[in-house]
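Going by the UniProt record's numbering, the residue at position 275 of the sequence shown is 275; the numbering climbs one at a time, nothing skipped.
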Amino acid sequence: MGSQRYDVAIAGGGPAGAAAAIMLARSGLRVVVADARRKRETSRGHGFQVGEGLPPSARHLLRALNVHDQVLHDGHRASPGTIAFWGNPVAHCNDFIHQLHGPGLQLDRMRFDMSLREAARSAGATLFESTRVQVDDATSRHTSHAPYSLQLCTNGSRTRSIEADWVLDASGRAASLARALGSSRVRHDCLIALYQRLRSNQHSDQDGRTWIEAVEDGWWYSVLLPSGERLIAFLCDADGGPDPSLKEPTSFWNSLKRASNLHALCVQHQYVPVGRPRGADASSSSLDVAAGPGWLAVGDAALAFDPLSSKGISNALYTGLQAAHTIIAANLGDRGAVERYAAHLHGIHEAYRLHLSQFYAMETRWPQATFWRRRR
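Structure representation (structure tokens):
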């Protein structure tokens, strides 16, 4: 039995991969999406990710995908703004009510991702869960004339061979396809996030703002989740030797006391820890080559952002859309489309790095602290 042929194969069913699949399938292309995550990994408490907010300016991306109204009715929590204790002990508030697009959204990621995947499926894309994409060795150096030969591996076993004219790497920070095609990951710092969910029986907390509070060796972040739980996260450098005891709920809670304003909020609403603190890579990183003949990287696979930027989800949606437009243009004979896409990602990355350094430079209270000296 011969390999099934697709126009585009996408590795990863998160926001970037799903956004690309929606647009490509709607344009009439044959699209397959292989999502490596298992259902249990996207349930509450598994595969939890830090910083899952959608800023007001990203709403136009949802409209472009024709999923805006669906997302608004999916039970996500409105985010009215941010409150930051950064550069001085006085709060700086950014109220989204003054923005043209209205409030942001604090996402239930499981529900958000499911909505996008369903939209891709409704548009005509084929989706496989618990499935990874592997590039056959013979085509690891792809030419512009031959399709990719790929293996779809479900639950660790090869289940089918396919061919695709294009491949999109939406596999997240792992960038598994791009690395198989010769690209390398460049890490720009060693930021990690240690995070903990909190629960309160008081149900009195209605502060939907994103909280940020700087301390000597990093900064704290907190949001009220759609579930009613509150997330707190400590962002610090991995090589700075985070205290191993922070993996214990009591020690993590005691460390929060250094962020006195956020700690006071949690005490006021009588929060208690749920489970144990966990860790996640929060570093800024990028691919040295984000696109080539017949392939493009999108989302975190191409550019992974510091949570301070609040642009992770919007970047995923945007690059997914741009990659789809690039493929459509290339199929219509635009030979410079892929090169322009790569150059555009480079421009996004340069602007992001500049803006991030400017924001970190605003915090000057601990000039001798290693964490802050690295970011000046």
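All C-beta atoms, glycine included, are put in the ideal place defined by N, C-alpha and C.
Residue i, buried or exposed, once every other Cβ within 10 Å from all chains shown has been counted against 16
i, result
"Ser176", "buried"
"Thr210", "buried"
"Asp288", "exposed"
"Cys93", "exposed"
"His73", "exposed"
"Phe48", "The predicted model places Phe48 with a pLDDT of 48, which falls under 50 and marks its position as unreliable; any figure quoted below should be read in that light. So Phe48 counts as buried."
"His46", "Residue placement at His46 is flagged as unreliable, the pLDDT there being 39, under the threshold of 50; a coordinate-derived value is accordingly withheld."
"Gly172", "buried"
"Arg44", "Caution applies to Arg44, whose pLDDT of 44 falls short of 50 and renders its modelled position unreliable; the model cannot decide the point."
"His101", "exposed"
"Asp35", "buried"
"Gln106", "buried"
"Ile192", "buried"
"Arg276", "exposed"
"Ala264", "exposed"
"Gln196", "buried"
"Ala11", "buried"
"Asn315", "buried"
"Gln322", "buried"
"Arg77", "buried"
"Gly63", "As written in the sequence, residue 63 is Arg, which differs from the Gly given in the question. So Arg63 ends up on the exposed side."
"Ser79", "buried"
"Pro367", "exposed"
"Arg38", "exposed"
"Gly14", "buried"
"Ala343", "exposed"
"Ala125", "buried"
"Ala324", "buried"
"Glu244", "At residue 244 the sequence reads Pro, which differs from the Glu that was named. Flag for Pro244 reads exposed."
"Glu339", "exposed"
"Val67", "buried"
"Ala146", "exposed"
"Thr326", "buried"
"Ser157", "exposed"
Length of the line joining the Cα atoms of residue i and residue j
i, j, result
"Ala291", "Glu350", "17 Å"
"Leu116", "His203", "30 Å"
"Pro249", "Asp207", "23 Å"
"Ala233", "Gly333", "47 Å"
"Ile328", "Gly336", "12 Å"
"Glu163", "Arg5", "5 Å"
"Trp295", "Gln70", "30 Å"
"Arg40", "Arg121", "Note that Arg40 scores a pLDDT of 49, beneath 50, so its modelled location is shaky; the value from the coordinates is reported in the next line. Near 20 Å, if we compare the C-alpha coordinates of Arg121 and Arg40."
"Leu356", "Arg373", "14 Å"
"Tyr221", "Leu231", "8 Å"
"Tyr360", "Val274", "31 Å"
"Thr42", "Asn155", "Because the pLDDT at Thr42 is just 46, under 50, the model does not fix this residue reliably, and the value given afterwards should be weighed accordingly. In a straight line, the C-alpha of Thr42 is about 16 Å away from that of Asn155."
"Asn88", "Tyr271", "26 Å"
"Thr370", "Ala21", "43 Å"
"residue 389", "Leu345", "Here the chain covers residues 1 to 376 and nothing more, so residue 389 does not appear."
"Val8", "Gly53", "29 Å"
"Gln268", "Asp205", "9 Å"
"residue 440", "Val298", "Within the shown structure, residues of the chain are numbered from 1 to 376, placing residue 440 beyond reach of any answer."
"Arg160", "Asp217", "49 Å"
"Met362", "Val215", "13 Å"
"Gln128", "Val90", "Looking at the sequence provided, one finds Phe at residue 128 rather than Gln. In a straight line, the C-alpha of Phe128 is about 50 Å away from that of Val90."
"Gly320", "Arg199", "35 Å"
"Cys236", "Trp219", "7 Å"
Start-to-end residues for the beta strand (DSSP E) that takes in residue i
i, result
"Pro273", "272-281"
"Ile83", "81-85"
"Leu68", "Residue identity differs from the one stated: residue 68 is His in this sequence, not Leu. Here His68 belongs to no beta strand (DSSP E); instead the alpha helix (DSSP H) covers 68-72."
"Gly17", "Here Gly17 belongs to no beta strand (DSSP E); instead the alpha helix (DSSP H) covers 15-26."
"Trp220", "218-224"
"Ala11", "4-11"
"Asp237", "230-237"
"Ala297", "295-297"
Residue interval of the alpha helix (DSSP H) (run including residue i)
i, result
"Arg335", "From DSSP, Arg335 is part of no alpha helix (DSSP H); its letter is neither H nor E."
"Phe371", "370-373"
"Trp253", "249-256"
"Gly104", "Unbroken run through Gly104 is the beta strand (DSSP E), 104-106; no alpha helix (DSSP H)."
"Arg63", "59-64"
"Asn261", "260-268"
Cβ contact (3+ pairs, closer than 8 Å) linking the segment 271-287 and the segment 98-115: The segment 98-115 and the segment 271-287 do not touch, with fewer than three beta-carbon pairs separated by less than 8 Å.
Which residue spans inside the segment 113-197 form an unbroken beta strand (DSSP E) run of at least 3? 126-129, 131-135, 148-154, 157-169, 185-187
When the Cβ atoms of the segment 299-315 are set against those of the segment 242-259, are three or more pairs found closer than 8 Å? no
For the segment 119-136 against the segment 81-90, are there 3 or more C-beta pairs whose distance is under 8 Å? no
So, does the segment 174-193 touch the segment 20-32, judging by three or more C-beta pairs under 8 Å? Contact annotation: the segment 174-193 does not touch the segment 20-32, with fewer than three C-beta pairs closer than 8 Å.
In the segment 325-367, which residue ranges form an unbroken beta strand (DSSP E) of at least 3 residues, counting only runs that do not cross its ends? none
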